Amino acid sequence: QMLGVDVHHATLGIIGMGRIGQQIARRASGFKMRVLYHNRNRWPADVEKWLNAEYVGKEQLLAQSDFVVLQIPYSPATHHYIGAAELKQMKPTAILINSTRGGVVDDAALVDALKNGTIRAAGLDVFENEPKLHPGFLELKNVVLAPHVGSSTEATRRAMAMTAAKNAVAALTGATPPNLLNPAARAKA
């Protein structure tokens, strides 16, 4: 339980059902959570079944979720994706979790929503205008602030270093790097 909200059988809304969003959905099944998701593209029915997740519109996800988890990249299109209007669509008992990128949430609007009871709480691993922090967060008891270090385990850092090394070796030997993000650019080179 966090702030009187039981995770078991709660509704989890995931905005951004990429690799990390999918892993969050899989873990939610252990808590018998109802999982809603919103994504640029809807996943095929077999993937939704595997994830035990239901595709919904953004407004429905915000209105029905006990926990809203953001897992979308930051871009001009996602700047302030969650602002005052979206926070008002959420349940007053809802908890917002942003561990994706600062700027996806309008921090000033979130501070106001937390002060006014528009939503119950927030868990933030990233902040708008990092390394600066909106000073209003420091006055609140219904927000948990973390320094975006979730991947700072020895095993994860070792795996990250090995991935980088494998990509470098492949690139330097003329092979295609295993984690190449833009194959079209390599084909033009």
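Heads up, the final residue of the sequence shown is numbered 737 in my numbering, and it's a clean run with no missing numbers. Beta carbons: idealized from backbone N, C-alpha and C, even for Gly. A quick note: this is a predicted structure, and the numbers were derived from the prediction, not measured.
CB of residue i within 8 Å of CB of residue j, strictly
i           : j           : result
residue 653 : residue 664 : no
residue 697 : residue 682 : no
residue 668 : residue 624 : no
residue 569 : residue 585 : yes
residue 562 : residue 619 : yes
residue 600 : residue 564 : no
residue 572 : residue 617 : yes
residue 695 : residue 649 : no
residue 583 : residue 602 : yes
residue 690 : residue 672 : no
residue 670 : residue 644 : yes
C-alpha gap between residue i and residue j, whole angstroms
i           : j           : result
residue 692 : residue 704 : 23 Å
residue 676 : residue 726 : 32 Å
residue 589 : residue 609 : 15 Å
residue 720 : residue 712 : 12 Å
residue 714 : residue 732 : 20 Å
residue 684 : residue 642 : 19 Å
residue 549 : residue 724 : Residue confidence for residue 549 is low, a pLDDT of 43 falling below 50, so the modelled location carries little weight; the figure read from the coordinates is stated next. Roughly 47 Å separates the two Cα atoms.
residue 679 : residue 651 : 12 Å
residue 743 : residue 554 : Residue coverage of the chain in this structure runs from 549 to 737, which leaves residue 743 outside it and unanswerable.
residue 728 : residue 707 : 17 Å
residue 702 : residue 730 : 29 Å
residue 657 : residue 592 : 35 Å
Nearest-angstrom beta carbon gap, residue j and residue i [assumed within contact, 8 Å]
i           : j           : result
residue 615 : residue 560 : 5 Å
residue 635 : residue 666 : 5 Å
Environment of residue i [buried if 16+ CB atoms lie within 10 Å]
i           : result
residue 710 : exposed
residue 581 : buried
residue 717 : exposed
residue 613 : buried
residue 655 : buried
residue 674 : buried
residue 722 : exposed
Next item on the list: Determine contact between the segment 630-641 and the segment 574-588, defined as no fewer than three beta-carbon pairs at a distance below 8 Å.
Entry: Not touching, per the Cβ criterion.
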